[in-house]
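**Student:**
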Amino acid sequence: MTNPLKRIQSVERAFSLLEAIAQLGGSARLNQLVEYCELNKTTAHGLLNTLVNLGYAERSETHYTLGARLTTLSEPINFQHQQIRVRFQSI
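If you want the working numbering, it's the position in the sequence shown, counting the first as 1, plus 134.
#1: Would you kindly check if the distance between the Cβ of Leu158 and the Cβ of Leu181 is under 8 Å?
#2: Per DSSP, what kind of secondary structure is Thr199 in: helix, strand or coil?
#3: Give the single residue among Phe222, Thr205, Leu200, Ser208 whose Cα lies nearest to the Cα of Ala148.
#4: Let's see if you can read the secondary structure: which residues bound the alpha helix (DSSP H) around Arg147?
#5: Would you give the residue range spanned by the alpha helix (DSSP H) that Glu86 belongs to?
Written as C-alpha coordinates, this is what we have:
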(Lines of atoms letter the chains of each structure in order from A and count residues from 1; the text may use other names and numbers.)
(Lines give C-alpha, C1' and ligand atoms only; values in the text may rest on other atoms or scores of the structure.)
Protein backbone atom coordinates (compact mmCIF):
# COMPACT_ATOMS: atom_id res chain seq x y z
CA MET A 1 0.00 0.00 0.00
CA THR A 2 1.41 3.41 -0.92
CA ASN A 3 1.38 6.38 1.40
CA PRO A 4 0.07 9.70 0.12
CA LEU A 5 2.67 12.41 -0.17
CA LYS A 6 3.10 14.36 3.03
CA ARG A 7 2.02 17.99 2.74
CA ILE A 8 3.74 20.77 4.66
CA GLN A 9 1.17 23.29 5.83
CA SER A 10 3.54 26.26 5.97
CA VAL A 11 4.62 25.67 2.36
CA GLU A 12 1.00 25.46 1.24
CA ARG A 13 0.21 28.66 3.09
CA ALA A 14 3.18 30.52 1.62
CA PHE A 15 2.17 29.52 -1.90
CA SER A 16 -1.44 30.47 -1.21
CA LEU A 17 -0.23 33.96 -0.26
CA LEU A 18 1.74 34.29 -3.51
CA GLU A 19 -1.24 33.06 -5.52
CA ALA A 20 -3.52 35.48 -3.68
CA ILE A 21 -1.27 38.43 -4.49
CA ALA A 22 -1.39 37.43 -8.16
CA GLN A 23 -5.16 36.91 -8.14
CA LEU A 24 -5.76 40.22 -6.39
CA GLY A 25 -4.11 42.10 -9.24
CA GLY A 26 -0.46 41.80 -8.23
CA SER A 27 -0.70 43.98 -5.13
CA ALA A 28 -2.51 43.43 -1.85
CA ARG A 29 -2.69 44.68 1.72
CA LEU A 30 -2.02 42.32 4.61
CA ASN A 31 -5.68 42.40 5.68
CA GLN A 32 -6.80 41.44 2.16
CA LEU A 33 -4.41 38.49 2.13
CA VAL A 34 -5.47 37.36 5.60
CA GLU A 35 -9.11 37.35 4.53
CA TYR A 36 -8.49 35.83 1.10
CA CYS A 37 -6.31 33.00 2.42
CA GLU A 38 -8.22 32.57 5.68
CA LEU A 39 -5.04 32.86 7.74
CA ASN A 40 -4.28 34.30 11.13
CA LYS A 41 -2.74 37.77 10.76
CA THR A 42 0.41 36.84 12.69
CA THR A 43 0.91 33.70 10.58
CA ALA A 44 0.41 35.58 7.31
CA HIS A 45 2.76 38.35 8.42
CA GLY A 46 5.49 35.86 9.33
CA LEU A 47 5.17 33.98 6.06
CA LEU A 48 5.16 37.20 4.05
CA ASN A 49 8.28 38.44 5.86
CA THR A 50 10.03 35.20 4.92
CA LEU A 51 8.91 35.54 1.29
CA VAL A 52 10.16 39.14 1.26
CA ASN A 53 13.52 38.13 2.76
CA LEU A 54 13.88 35.45 0.07
CA GLY A 55 12.91 37.84 -2.73
CA TYR A 56 9.67 36.08 -3.69
CA ALA A 57 7.56 38.99 -2.46
CA GLU A 58 8.16 42.70 -2.00
CA ARG A 59 6.68 45.05 0.55
CA SER A 60 5.90 48.74 0.36
CA GLU A 61 4.50 50.71 3.28
CA THR A 62 0.99 49.45 2.60
CA HIS A 63 1.07 46.58 0.09
CA TYR A 64 2.75 43.32 -0.82
CA THR A 65 3.63 42.53 -4.43
CA LEU A 66 5.21 39.58 -6.18
CA GLY A 67 9.00 39.59 -6.03
CA ALA A 68 11.41 39.55 -8.92
CA ARG A 69 12.93 36.27 -7.80
CA LEU A 70 9.79 34.47 -8.97
CA THR A 71 10.90 35.04 -12.56
CA THR A 72 13.86 32.72 -12.00
CA LEU A 73 11.40 29.93 -11.32
CA SER A 74 9.54 30.50 -14.57
CA GLU A 75 12.59 30.78 -16.86
CA PRO A 76 12.93 27.01 -17.50
CA ILE A 77 9.21 26.77 -18.29
CA ASN A 78 9.40 29.68 -20.71
CA PHE A 79 12.39 28.04 -22.41
CA GLN A 80 10.50 24.74 -22.77
CA HIS A 81 7.47 26.52 -24.23
CA GLN A 82 9.72 28.35 -26.68
CA GLN A 83 11.24 25.05 -27.82
CA ILE A 84 7.78 23.56 -28.35
CA ARG A 85 6.67 26.57 -30.42
CA VAL A 86 9.77 26.30 -32.61
CA ARG A 87 9.14 22.59 -33.21
CA PHE A 88 5.50 23.16 -34.18
CA GLN A 89 6.41 26.00 -36.54
CA SER A 90 8.65 23.64 -38.50
CA ILE A 91 5.79 21.17 -39.04
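Note that CB positions come from ideal geometry on N, CA and C, so glycine has one too.
**Tutor:** So, from the listed chains and residues:
#1: no
#2: strand
#3: Leu200
#4: 143 to 157
#5: Coverage of the chain is limited to positions 135 through 225, which leaves residue 86 absent and any answer about it impossible.
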